[in-house]
Amino acid sequence: MDAKQRRRLVERYRVEQGKGFHLKDWDTGDTAGLDLTKDQAAVLLQEGVERLAALQDKLYAQDRWAVLCLFQAMDAAGKDGAIKHVFTGVNPQGCHVTSFKAPGPVELDHDFLWRHVMALPARGQIGIHNRSWYEEVLIARVHAQVLDRQKLPPAVRSKRIWEERLADIAAFEGYLGRQGVVVVKFFLHLGKEEQRERFLKRIDEPEKNWKFEMGDIAERRHWDAYQEAYEKAIRATATPAAPWYVVPADRKWFTRLVVAEALAQTLDGLDLHYPVVSPETRALLEEGRRELG
């Protein structure tokens with residue numbers, strides 16, 4: 000796959016303008032016309048991983064930009080697998096993964112962005128958030144009791160709370176961009192029937208039993224509500240500076256390929272380079288050379 004084909008592949012799934020976005024228009028089983036064997040897909044993914052690793056090395060050395068990757072999806076869409084395979088070649092010193100679960104008592108005594116701000120990447124780093132602040136307009140929107148636990152004063156819990164939260168998120172992501180934190184958002188778009196099959200595998204295959212939770216089945220009953228919540232979230236927060244990638248998730252090999260390529264292209268667009276040393280530092284290097292003989 001040449002550079003032009005890779006760009007077109009990523010552009011196919013990037014959402015920069017939310018107006019008119021409808022999730023039903025996006026095929027969960029799409030593979031952009033690619034019909035690859037397992038080995039062919041592995042080779043392409045490895046190429047993307049190697050490019051990403053080389054760019055991440057420059058990101059770390061340059062120490063100017065930070066990149067924040069947000070992963071959102073329905074259960075069993077493959078977030079963990081995508082993170083594992085895409086970042087397999089990245090230097091662990093320049094990468095940090097945070098998996099967000101239900102907030103605890105300390106977190107509930109703060110605003111909804113607080114715990115996510117605490118996990119933002121430093122300059123030169125790639126931060127990976129497995130689930131993110133979007134949970135506050137997804138699960139909290141679907142389940143009223145989640146919002147109840149946040150102890151908001153009644154005066155600020157208006158009928159427009161979801162629109163207000165989405166506006167706050169969009170504004171915060173804009174702020175991060177102006178501080179040199181590049182926000183890249185992935186929604187791994189899984190089909191309902193594919194989710195069913197993956198749940199059944201978790202039940203039928205002993206090595207996957209540990210992944211199964213009855214709570215996932217309970218959440219599946221709210222499928223339509225979640226789809227609507229995701230659609231509204233993407234529609235309200237997709238911008239050129241902080242785009243969403245609506246990545247088909249029915250084929251894991253394809254999901255990983257698109258994620259790796261999208262990240263590599265994001266880093267490639269930052270004009271990353273190794274620091275250029277000053278004349279004084281160059282003189283010290285030459286002195287060191289003479290000392291070493």
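All residue numbers for the sequence shown refer to numbering that gives the first Met the number 0, where the first residue is 0 and numbers rise by one.
Built from N, CA and C at the ideal position, the CB exists for glycine as well.
Computed from a predicted structure; not experimentally measured.
1) Could you give the C-beta distance for L58 and L271, rounded to a whole number, given that I count them as a contact under 8 Å?
2) Check whether the Cβ atoms of R195 and R219 sit closer than 9 Å, and answer yes or no.
3) Give the DSSP-derived three-state secondary structure of R13 in the structure shown.
4) Could you give the residue range of the beta strand (DSSP E) that holds L67?
5) How big is the Cα-Cα spacing for V89 and Y225?
6) Could you tell me whether the region 73-90 touches the region 131-139, where touching means 3 or more Cβ pairs closer than 8 Å?
7) For C94, which option in R114, P104, D62 has the closest C-alpha, if you only look at C-alpha atoms?
8) Curious, which full-length alpha helix (DSSP H) runs of at least 4 residues does the region 114-150 contain?
9) Could you pull out every residue in the same chain whose Cβ sits closer than 8 Å to the Cβ of G123, ignoring the five residues on either side in sequence?
10) Please check the pair F186 and Q16, which I expect to be a contact at CB under 8 Å, by giving their CB distance rounded to whole angstroms.
11) How is the alpha helix (DSSP H) around Y229 delimited, first residue to last?
12) By DSSP, does V182 sit in helix, in strand, or in coil?
13) At what residues does the beta strand (DSSP E) containing H109 begin and finish?
14) Use the C-beta contact count for R281: other C-beta atoms within 10 angstroms, 16 or more gives buried, fewer gives exposed.
15) Hey, quick one: how far does the alpha helix (DSSP H) through H84 stretch, first residue to last?
16) For L8, collect the residues of the same chain with a Cβ closer than 7 Å to its Cβ; drop the 5 residues on either side in sequence, then sort them by chain order.
17) Give the straight-line distance between the Cα atoms of M213 and K191, rounded to the nearest whole angstrom.
18) Based on Cα-Cα distance, which residue from L54, A121, K78, D38 lies nearest to V245?
19) Give me the Cα-Cα distance between T87 and V48, rounded to the nearest whole angstrom.
20) Please state whether the Cβ-Cβ distance between D215 and T27 is less than 9 Å.
21) Ends of the beta strand (DSSP E) at Y244?
22) Determine the closest residue to V182 out of F171, L189, H188, with distance taken between C-alpha atoms.
23) Taking the DSSP output, what are the residues bridged to L187?
24) Can you grab the Cα-Cα spacing for the pair F99 / L165, in whole Å?
25) Roughly how many angstroms lie between the CA atoms of L44 and R255, to the nearest whole one?
26) Could you tell me whether the Cβ atoms of H188 and L22 are closer together than 9 Å?
This is what the structure holds:
1) Walking along the sequence shown from the start, residue 58 turns up at place 59. Walking along the sequence shown from the start, residue 271 turns up at place 272. Confirmed, about 6 Å.
2) Position 196 of the sequence shown holds residue 195. Position 220 of the sequence shown holds residue 219. Yes, these two residues count as a Cβ contact at 9 Å.
3) Locating residue 13 in the sequence shown gives position 14, counting from the first residue. Note: R13 maps to strand in three-state DSSP.
4) Stepping through the sequence shown from its first residue, residue 67 is reached at position 68. Unbroken beta strand (DSSP E) run through L67: 65-72.
5) On the sequence shown, position 90 is the one that residue 89 refers to. On the sequence shown, position 226 is the one that residue 225 refers to. One C-alpha to the other measures close to 33 Å.
6) no
7) Here residue 94 corresponds to residue number 95 of the sequence shown, with the count starting at 1. Residue D62 is the option with its Cα nearest to C94.
8) 138-141, 143-147
9) For the purposes of this step, residue 123 is identified with residue 124 of the sequence shown, where counting begins at 1. Excluding sequence neighbours, G123 sits near L58, Y59, A60, Q61, D62, R63, W64, A65, G93.
10) The residue labelled residue 186 in the question sits at position 187 within the sequence shown. The residue labelled residue 16 in the question sits at position 17 within the sequence shown. Not a contact, Cβ separation roughly 15 Å.
11) Your numbering for residue 229 matches position 230 in the sequence shown. Residues 222-236.
12) The residue labelled residue 182 in the question sits at position 183 within the sequence shown. Three-state result, V182: strand.
13) Position 110 of the sequence shown holds residue 109. That residue, H109, is in no beta strand (DSSP E); it is neither H nor E in DSSP.
14) Along the sequence shown, one-based indexing puts residue 281 at 282. The residue in question, R281, is exposed, as its Cβ has fewer than 16 Cβ neighbours within 10 Å.
15) Residue numbering aside, residue 84 sits at position 85 when the sequence shown is read from its first letter. First-last of the alpha helix (DSSP H) with H84: 78-85.
16) Within the sequence shown, the letter at position 9 stands for residue 8. A31, V257, E260, listed in sequence order.
17) Here residue 213 corresponds to residue number 214 of the sequence shown, with the count starting at 1. Here residue 191 corresponds to residue number 192 of the sequence shown, with the count starting at 1. Answer to the nearest angstrom: the Cα atoms are 16 Å apart.
18) Taking the sequence shown and counting its residues from 1, one reaches residue 245 at position 246. Nearest C-alpha to V245: K78.
19) Locating residue 87 in the sequence shown gives position 88, counting from the first residue. Locating residue 48 in the sequence shown gives position 49, counting from the first residue. Whole-angstrom Cα-Cα distance: 7 Å.
20) By one-based count along the sequence shown, residue 215 stands at place 216. By one-based count along the sequence shown, residue 27 stands at place 28. No, the pair does not count as a contact, with Cβ atoms beyond the cut-off.
21) The residue given as residue 244 occupies position 245 in the sequence shown. 243-247 is the extent of the beta strand (DSSP E) around Y244.
22) The sequence position of residue 182 within the sequence shown is 183, counting from 1. Among F171, L189, H188, the Cα nearest to that of V182 is on F171.
23) What you label residue 187 is simply residue 188 of the sequence shown in a count that begins at 1. A72, V246, per the DSSP bridge assignment.
24) Mapped onto the sequence shown, residue 99 falls at position 100. Mapped onto the sequence shown, residue 165 falls at position 166. Distance between the alpha carbons of F99 and L165: 19 Å.
25) The sequence position of residue 44 within the sequence shown is 45, counting from 1. The sequence position of residue 255 within the sequence shown is 256, counting from 1. Distance between the alpha carbons of L44 and R255 is about 7 Å.
26) For the purposes of this step, residue 188 is identified with residue 189 of the sequence shown, where counting begins at 1. For the purposes of this step, residue 22 is identified with residue 23 of the sequence shown, where counting begins at 1. Contact: yes.
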